[in-house]
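Per full-length UniProt numbering, residue 1 is the first one in the sequence shown, and the count goes up by one each step.
Where is the CB? At the ideal position from N, CA and C, for every residue including glycine.
What follows is a short report on a single structure.
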Amino acid sequence: MNVRAAAPPPWLRDRLASRLDELGSYPRREDEQRAVDAVAERHGRPPDEVLLLAGAAEGFAMLPRLNPRRAAVIAPGFTEPEAVLADAGIPLEHVVLPPPFTLGDTARVPDEADLVVVGNPTNPTGVLHTREQLLALRRPGRILVVDEAFIDAVPGEPESVASLSLPGLVVLRSLTKTWALAGLRAGYAVGDPELLRRLARGRAHWPLGTLQLEALAACNTAQAVAAAVLDAQRLVETRHRQADGLRGLGLAVTEGVAPFLLVAVPHADLMRKHLKVKNIAVRRCDTFVGLDGDYLRVAVRPEWPELVQAMKEIL
Numbered sequence: 001m002n003v004r005a006a007a008p009p010p011w012l013r014d015r016l017a018s019r020l021d022e023l024g025s026y027p028r029r030e031d032e033q034r035a036v037d038a039v040a041e042r043h044g045r046p047p048d049e050v051l052l053l054a055g056a057a058e059g060f061a062m063l064p065r066l067n068p069r070r071a072a073v074i075a076p077g078f079t080e081p082e083a084v085l086a087d088a089g090i091p092l093e094h095v096v097l098p099p100p101f102t103l104g105d106t107a108r109v110p111d112e113a114d115l116v117v118v119g120n121p122t123n124p125t126g127v128l129h130t131r132e133q134l135l136a137l138r139r140p141g142r143i144l145v146v147d148e149a150f151i152d153a154v155p156g157e158p159e160s161v162a163s164l165s166l167p168g169l170v171v172l173r174s175l176t177k178t179w180a181l182a183g184l185r186a187g188y189a190v191g192d193p194e195l196l197r198r199l200a201r202g203r204a205h206w207p208l209g210t211l212q213l214e215a216l217a218a219c220n221t222a223q224a225v226a227a228a229v230l231d232a233q234r235l236v237e238t239r240h241r242q243a244d245g246l247r248g249l250g251l252a253v254t255e256g257v258a259p260f261l262l263v264a265v266p267h268a269d270l271m272r273k274h275l276k277v278k279n280i281a282v283r284r285c286d287t288f289v290g291l292d293g294d295y296l297r298v299a300v301r302p303e304w305p306e307l308v309q310a311m312k313e314i315l
């Protein structure tokens, strides 16, 4: 999950707490509009290019509504979209990127794929693809879905495509990681308005609650975005130190920009079990297409010396 803090910041908790007495009523239309307007202003888009979501995961769950004939998923990557598409019976092909896991020759994506899903930065590699590499995946008649759930961990978000109004492009974003809101389920999609209408077709009434709408409005203000940039800058420093510490153990660390690191570890599953005994949780990676049992994903944390010391004792 890689939530970067144990709880939301005090100012956000106060905003949410101020709405608790209203939970006896249904969400208000003006709250929804305020959240839509905040997202639209943040990304310089008209309101009809915004779809509020109960977490970015809801956006993945909606993908079958686009009725693709054949999908391609860039791998290694987040497993949720492939699971949803497979469950819907949609033919699916993985486009596996070898180390260092960067988008190169986009011809490897089948021409017949009319839906392509890619993370940026990618989970679990942390690799940030360039805007040009992402846009090179576009084709007439093809839908490109970019998962930017972790991009606010990159100061300035230079490779984001969330501000681009292009046919066939949909971008998914999440509040979970930066604002420690995994339990609230809040996110959004921006993109081609016709595609957003198709994604939302058949949705239940009041799909988001009052607190979700309040969080979406609050976390997309200019002040909140500025605070997120400062947090991302601190994360960069911590990640560099943690990566250096892991490399000091002789381990190969993938160059990434996310709040986690992909580390090649001999006998990774055994390492993971030993770390669990020391109350340190790391993510196995053999469940990701394109990776095997020699990788672990570790969260970037200020307490990283404890991880490095524990791994040193085990190796």
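Taking C-beta atoms under 8 Å as the contact rule, TYR295 and VAL263 qualify, at a distance of about 7 Å. For LEU275, the three-state secondary structure derived from DSSP is helix. In the structure shown, ASP192 falls within a coil segment according to DSSP collapsed to helix, strand and coil. Counting only residues of its own chain and dropping the five nearest sequence neighbours on each side, GLY293 has a CB closer than 6 Å to the CB of ALA268, ASP269, ASP286. A check of alpha carbon separations from ALA186 across ALA88, THR176, VAL50, ARG283 identifies THR176 as the nearest. Nearest C-alpha to ALA228 among SER174, GLU255, VAL36: SER174. When the alpha-carbon of GLU148 is set against those of GLY126, LEU199, ALA86, the nearest one is in GLY126. Rounded to the nearest whole angstrom, the CA to CA distance from GLY191 to PRO46 is 10 Å. Here PHE288 is near THR79, since their CB atoms are less than 8 Å apart. Non-local beta-carbon contacts of ILE280 in its own chain, meaning distances under 8 Å to residues more than five positions away in sequence, involve GLU306, LEU307, ALA310 in chain order. Counting C-beta atoms within 10 angstroms of its own C-beta, SER160 has 16 or more neighbours from the protein chains shown and is therefore classed as buried.
The beta carbon of TRP206 sits closer than 7 Å to those of TYR26, PRO27, all from its chain and outside the five residues before and after it, given in chain order.
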